[in-house]
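Chemist: After the structure tokens below, expect a handful of questions from me.
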Amino acid sequence: MVRKLIVAIDGPSASGKSTTGKKLAKLLGYLYIDTGAMYRAVALAAARAGIPYEEHSRVVELTEKIRIDLRGEAEQLKVFLDGLDITDAIRTPEISSAASKVSAIPGVRQTLLKRQREMGADGGVVMDGRDIGTHVFPNADVKFFLVADLMQRARRRNLEQAQQGHIVTFEQTLKEIEERDKRDQSRAYAPLKPAVDSIILDTSDLTPDQVVELMLSHIKRHREYARCSPA
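Mapping the sequence shown onto the working numbering, position 109 (from 1) lands on 297, and the numbers just tick up by one.
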């Protein structure tokens with residue numbers, strides 16, 4: 189029986205983590221965990237509770253109390269907050285920006301870290317985020333770090349926003365991504381950076397299917413190496 193792996197996918201906004209992560213999980217028959225959705229859920233919960241994101245202790249306290257569930261197949265993943273479906277509510281530009289702010293709060297990351305490790309502890313999981321390979325699962329079997337040209341990422345995100353009914357100018361989307369990159373890379377706790385053993389994939393000129401094909405080839409090589417390695 190082939191041992192089920194822990195696959196980590198990290199990278200900045202709109203680099204293709206979620207799209208490829210879902211496709212990869214489906215092909216492998218693995219559980220898909222979108223950790224970014226969990227931070228978005230915290231941001232939405234704080235907004236609905238009227239808690240300013242700057243009041244870190246209150247946001248952490250809220251994070252410890254709420255229940256976040258990810259349900260369904262990878263490509264039809266639903267996100268629930270205390271039993272309520274918030275899948276669409278967490279995809280607005282406002283919540284996207286807020287998620288970056290709450291994710292920089294150490295106490296929030298520490299609380300969600302425990303839940304994420306519990307969810308992926310048994311393997312058979314594809315988990316995407318910004319610190320999976322460096323912090324959540326530093327011993328993940330295979331680690332990918334996706335990168336892409338800034339302008340390409342902004343075009344992708346702007347198109348995604350339009351498809352979701354959020355009309356935002358390209359310039360505004362570009363600014364939001366630049367600000368998000370800066371916050372993610374400069375935060376003191378678990379900043380965005382590739383793990384030393386990450387496989388870097390530039391998705392700028394690749395389709396999601398092409399990226400997944402590359403991922404599968406690396407996973408195959410990992411399995412072959414593991415079989416040949418001495419116990």
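Just so it is clear, CB atoms sit at the ideal spot from N, CA and C, and this is done for glycine as well.
Given the structure is predicted, the values throughout are model-derived calculations rather than measurements.
1. Is LYS363 helix, strand or coil by DSSP?
2. With a Cβ-Cβ cutoff of 9 Å, do SER291 and GLU367 count as a contact?
3. So is ALA237 buried or exposed if we call it buried at 16+ other beta carbons inside 10 Å?
4. Whole angstroms is fine: what's the gap from ALA419's alpha carbon to ASN327's?
5. Beta-carbon within less than 8 Å of ALA277's beta-carbon, same chain only, minus the 5 sequence neighbours each way: which residues are those?
6. What is the DSSP secondary structure of ASP385, counted as helix, strand or coil?
7. Which stretch, first to last residue, makes up the beta strand (DSSP E) that contains VAL356?
8. For SER201, which residues of its own chain have a beta-carbon under 6 Å away from its beta-carbon, when the five flanking residues on both sides are left out?
9. Starting from ALA196, follow the alpha helix (DSSP H) in both directions and report where the run begins and ends.
10. Going along the chain, which residues of its own chain have a beta-carbon closer than 7 Å to the beta-carbon of THR275, five neighbours each way excluded?
11. Spell out the partners DSSP gives ALA334 in its beta bridges.
12. Can you find the residues in the same chain that come closer than 6 Å, C-beta to C-beta, to THR208, ignoring five residues on each side of it along the sequence?
13. Of all the beta strand (DSSP E) runs that stay within the bounds of the stretch 220-260, which reach a length of 3 or more residues?
14. Just to confirm my understanding: we take ASP257, look at its own chain, exclude 5 residues before and 5 after, and list those with CB closer than 7 Å. What are they?
15. Are the stretch 215-224 and the stretch 330-344 touching by the rule of at least three beta carbon pairs closer than 8 Å?
16. Take LYS331 and list the residues in its own chain whose beta-carbon comes closer than 7 Å to its own, dropping the five residues that flank it on each side.
17. Applying the criterion that 16 or more other CB atoms from any shown protein chain within 10 Å of the CB defines a buried residue, is MET226 buried or exposed?
18. Can you look up ASP316 in the DSSP assignment and give me helix, strand or coil?
19. If contacts are defined as beta-carbon pairs under 8 Å, then GLU263 and LYS210 qualify, I think. What distance do you get, rounded to the angstrom?
20. Would you list the one or two residues that DSSP bridges to LEU272?
21. Which whole-angstrom value describes the C-beta separation of VAL296 and VAL335, a residue pair presumed to lie in contact below a C-beta threshold of 8 Å?
22. What do you reckon, are the CB atoms on THR299 and THR223 nearer than 9 Å?
23. Apart from the five residues just before and just after GLN349, which ones in its own chain have a Cβ nearer than 7 Å to its Cβ?
Modeler: Taking the geometry as given:
1. Residue state, collapsed to three classes: helix.
2. Between SER291 and GLU367, the gap from beta carbon to beta carbon reaches 9 Å or more.
3. Counting Cβ neighbours within 10 Å, ALA237 comes out exposed, since fewer than 16 surround it.
4. Here the model assigns ALA419 a pLDDT of 46, short of 50, so the residue's position is not dependable, and the following value carries that caveat. Within the model, the alpha-carbon separation for ALA419 versus ASN327 is close to 17 Å.
5. Taken in chain order, the residues that qualify are LEU232 and ILE283.
6. Under the three-state reduction of DSSP, ASP385 is assigned to coil, being neither helix nor strand.
7. Per DSSP, VAL356 belongs to no beta strand (DSSP E) and is neither H nor E.
8. Hits under 6 Å: ILE365 and ARG368.
9. No alpha helix (DSSP H) holds ALA196; the beta strand (DSSP E) holding it covers 194-198.
10. If we look at THR275 and ignore the five residues flanking it on each side, its Cβ neighbours are LYS266 and VAL267.
11. Before going further, note that residue 334 is Leu rather than Ala in the sequence given. Paired residues: LEU389.
12. So the qualifying residues of the chain are PRO396, VAL399 and VAL400.
13. Whole beta strand (DSSP E) segments, 3+ residues: 256-259.
14. If we look at ASP257 and ignore the five residues flanking it on each side, its Cβ neighbours are PHE268.
15. Not touching, per the Cβ criterion.
16. So the qualifying residues of the chain are ALA196, GLY321, ALA383, ASP385, SER386 and ILE387.
17. By the Cβ-count criterion, MET226 is buried, with 16 or more other Cβ atoms from all chains shown falling within 10 Å of its own Cβ.
18. Three-state result, ASP316: strand.
19. The beta-carbon distance between GLU263 and LYS210, rounded to whole angstroms, is 5 Å. This is short enough to meet the 8 Å contact definition.
20. Within the DSSP secondary-structure output, LEU272 pairs in a beta bridge with LEU269.
21. Their Cβ separation, rounded to whole angstroms, is 25 Å, which puts VAL296 and VAL335 out of contact at 8 Å.
22. In this structure, THR299 sits away from THR223, with a CB-CB distance that is not shorter than 9 Å.
23. By the criterion of a C-beta distance shorter than 7 Å, GLN349 is surrounded in its chain by PRO281, VAL356 and THR361, once the five residues flanking it on both sides are discounted.
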